[in-house]
């Protein structure tokens with residue numbers, strides 16, 4: 017960018033964000049970041065969404081990033097403002113979500129004196145960011161912001177943090193935004209090795225029982241179209257993790273569910289009885305593998321990932337492929353297609369076997385006079401199936417039921433907290449997704465426990481005109497914890513009862529200026545969801561469901577993935 021002009025460091029931050037193409041940022045002002053907010057008051061093309069809590073701002077930025085594929089931007093002041101961002105930063109780190117956090121810091125002359133609202137946020141976040149910067153010279157701001165966006169989005173994406181002392185924001189510089197980033201030591205993989213691809217294709221094409229185990233890296237790597245082509249060319253069954261839900265159309269004949277602790281039996285059988293397991297942007301997480309030593313014991317492992325540190329971290333890769341997944345999958349597809357054209361048969365008998373398992377072990381639950389949580393999700397799916405809908409969730413039983421009963425057909429339409437498992441993620445993530453995709457209907461499937469952690473952000477949704485529909489699966493308990501206590505702690509329930517009546521969620525929604533509806537029965541469910549979805553307003557539908565319903569199938573912690581408990585079975589039956 018040519019030309020220079022004189023401005024403050026705070027103005028330079030905004031001009032830098034504008035140069036990066038940022039259209040929305042999420043934040044909350046405070047003392048140490050006031051110069052930046054004064055610059056916002058003086059004018060910027062970037063929309064600012066005012067959160068009610070910095071954790072909410074961070075999760076909004078994550079939801080924005082996950083819905084759009086672009087980095088999310090969160091702002092906070094020093095001290096408690098910055099520490100309130102720690103949870104979203106850790107969440108983004110675990111789920112490889114590109115996030116640029118900009119925090120105010122006390123004046124540079126006060127650093128180290130325990131000044132009011134001082135804390136070492138770069139030190140605190142060191143283990144959970146890709147990189148952080150404490151700005152010490154106002155002239156560094158343009159280059160640092162340029163580097164921050166580059167690091168957040170290249171290689172394996174993730175969060176970065178830029179901490180700017182107040183006096184640096186107030187100092188002046190001649191602003192010029194760099195055309196190129198200056199990071200000589202930063203060289204993420206940019207190509208793949210042809211011999212690795214050739215060997216991977218040979219192993220995959222010759223497999224009698226292959227499975228594509230697809231993780232969230234496929235979405236981050238913008239490789240979903242390439243994945244579809246690979247599956248169709250090779251006739252390969254696809255199993256998507258919670259983080260990859262939507263990366264492959266779930267109505268497709270080659271999609272076979274989701275692995276792990278609450279994945280269907282057919283999905284876990286396929287992964288654990290395959291002869292070649294192709295991990296694509298996945299990391300062999302414990303919630304997928306169960307007991308690692310017993311996971312896919314007879315499988316040759318092909319592992320494709322942008323991050324070389326993931327290859328062999330938990331499971332030795334027989335064929336490692338390091339590089340950008342979009343490129344790697346496309347080249348793998350060409351090689352597999354060559355093998356098929358030369359007469360190497362597709363694994364049709366294996367595909368039929370997985371279909372048979374799916375028919376033998378379907379997801380099931382018992383209907384009763386009480387409203388069942390699964391019924392809520394199925395009705396929501398029915399009413400939104402043809403629409404442009406993004407679903408976010410909190411964490412717990414409702415999250416797993418959403419995984420099981422929501423059919424995701426397109427990338428970036430199912431947004432949830434995976435690795436960190438952050439309760440309260442759903443509402444702010446939905447607001448961020450709505451900011452990224454205002455034309456979409458955004459629905460948060462939440463639990464009553466999660467809802468109470470970030471409910472204040474309903475005010476943000478209403479006042480910022482970012483309407484979302486929150487469907488609360490309200491069983492009056494911290495449901496997943498209750499399930500564990502019932503199953504593994506001799507039904508000794510400790511500190512999990514929230515009640516279904518306090519607060520009155522519909523009245524609370526109305527107090528925030530939203531639509532609030534209470535649902536007590538299945539007859540009321542459809543009309544309530546239809547009203548909320550058609551309202552165009554922020555809405556909360558409180559679905560008071562059966563209090564003791566448990567989420568199945570389930571692999572107990574530490575058990576092998578094939579040793580799962582089905583609906584109606586007991587732990588003792590294992």
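In our numbering, the protein residues as written are 17 to 590. Glycine residues also receive a C-beta, built at the ideal position from the N, C-alpha and C atoms.
Look at the alpha carbon of residue 29 and the alpha carbon of residue 157, and state the distance between them as a whole number of angstroms.
In a straight line, the C-alpha of residue 29 is about 7 Å away from that of residue 157.
Delimiting residues of the beta strand (DSSP E) encompassing residue 559
From DSSP, the beta strand (DSSP E) with residue 559 extends over 555-560.
Just grab the DSSP bridge partners of residue 83 for me.
DSSP lists no partner for residue 83.
According to DSSP, is residue 121 helix, strand or coil?
Here residue 121 sits in strand by DSSP.
Counting pairs of Cβ atoms below 8 Å between the stretch 400-414 and the stretch 438-448, do you hit three or more?
Yes, the stretch 400-414 is in contact with the stretch 438-448.
Could you spell out the range, first to last residue, of the beta strand (DSSP E) harbouring residue 169?
Per DSSP, residue 169 belongs to no beta strand (DSSP E); it is in the alpha helix (DSSP H), 157-169.
Are there three or more Cβ pairs, one per stretch, closer than 8 Å when the stretch 220-229 is compared with the stretch 287-301?
Judged by Cβ distances under 8 Å, the stretch 220-229 makes contact with the stretch 287-301, as three or more pairs qualify.
State buried or exposed for residue 543, treating a residue as buried only when at least 16 other CB atoms are found within 10 Å of its CB.
When all chains shown are included, residue 543 counts as exposed.
Would you list the residues sitting across from residue 88 in a DSSP beta bridge?
Residue 88 is bridged to 115.
In whole angstroms, give me the CA-to-CA distance for residue 396 and residue 72.
Here the alpha carbon of residue 396 sits roughly 25 Å from the alpha carbon of residue 72.
Spatial neighbours of residue 496 in its chain, beta-carbon cut-off 6 Å, leaving aside the 5 residues before and after:
Within the same chain, residue 496 has close Cβ partners 412, 413.
Could you tell me the boundaries of the beta strand (DSSP E) in which residue 531 lies?
Element bounds for residue 531: 531-535.
May I have a chain-ordered list of the beta strand (DSSP E) segments no shorter than 3 residues that lie completely inside the stretch 170-253?
For the stretch 170-253, whole beta strand (DSSP E) runs of length 3 or above, ordered along the chain, are 175-181, 188-191, 226-230.
Out of curiosity, what's the CA-to-CA distance linking residue 579 and residue 571?
Answer to the nearest angstrom: the Cα atoms are 6 Å apart.
Backbone secondary structure at residue 493 - three-state DSSP:
It is a strand residue.
Within the chosen definition, does the stretch 558-576 reach the stretch 486-495 through at least 3 CB pairs nearer than 8 Å?
Enough Cβ pairs lie closer than 8 Å, so yes.
Relative to the C-alpha of residue 51, which residue among 486, 122, 210, 163 is closest?
Among 486, 122, 210, 163, the Cα nearest to that of residue 51 is on 122.
Where does residue 403 fall in DSSP's three states?
The answer is coil: DSSP assigns residue 403 none of H, G, I, E or B.
Helix or strand or just coil, what does DSSP make of residue 298?
If DSSP states are grouped into helix, strand and coil, residue 298 belongs with coil.
Distance between residue 172 and residue 305 (C-alpha atoms, nearest Å)
Distance between residue 305 and residue 172, taken at the CA atoms: about 22 Å.
When DSSP labels each residue in this structure, what does residue 355 get in the three-state scheme?
Correct three-state label for residue 355: helix.
Going along the chain, which unbroken runs of the alpha helix (DSSP H) with 4 or more residues stay wholly within the stretch 32-67?
For the stretch 32-67, whole alpha helix (DSSP H) runs of length 4 or above, ordered along the chain, are 50-58.
Going by CA-CA distance only, name the one from 70, 36, 23 that's closest to residue 469.
With distances taken between Cα atoms, residue 469 lies closest to 70.
Test item: CB-CB of residue 533 and residue 82 under 9 Å
No, the pair does not count as a contact, with Cβ atoms beyond the cut-off.
Taking 7 Å as the limit between beta carbons, can you name the residues of its chain near residue 321, skipping five residues before and five after?
Cβ neighbours of residue 321 beyond the five flanking positions: 233, 297, 327, 338.
Residue 294 to residue 318, Cα distance in whole Å?
Going from the Cα of residue 294 to the Cα of residue 318 covers about 5 Å.
Starting from residue 519, follow the beta strand (DSSP E) in both directions and report where the run begins and ends.
Counting along the chain, residue 519 sits inside no beta strand (DSSP E), nor does DSSP assign it H or E at all.
Counting C-beta neighbours from all protein chains within 10 Å, is the total for residue 100 16 or more, i.e. buried, or is it exposed?
Buried, by the Cβ-count rule.
Bridge partners for residue 150 per DSSP, in chain order?
For residue 150, which the question treats as bridged, DSSP gives the partners 179.
Once DSSP output is grouped into helix, strand and coil, what is the label at residue 348?
When secondary structure is reduced to three states using DSSP, residue 348 falls in the helix class.
Per DSSP, what are the beta-bridge partners of residue 320 in this structure?
In the DSSP output, where bridge partners are listed per residue, residue 320 has 296, 337.
Identify which residue in 86, 119, 108 has its Cα closest to the Cα of residue 96.
Considering only 86, 119, 108, the residue with the shortest C-alpha distance to residue 96 is 119.
When the Cα atoms are used, what is the spatial distance from residue 76 to residue 56?
Between residue 76 and residue 56, the alpha-carbon positions lie close to 19 Å from each other.
At a cut of 8 Å, does the stretch 138-147 reach the stretch 166-182 through at least three beta carbon pairs?
Touching, per the Cβ criterion.
For the stretch 42-51 against the stretch 83-93, are there 3 or more C-beta pairs whose distance is under 8 Å?
By the criterion of at least three beta-carbon pairs nearer than 8 Å, the stretch 42-51 is in contact with the stretch 83-93.
Contact the stretch 397-404 vs the stretch 421-430: 3+ CB pairs below 8 Å:
As far as the Cβ criterion goes, the stretch 397-404 touches the stretch 421-430, which means the pair count is three or higher.
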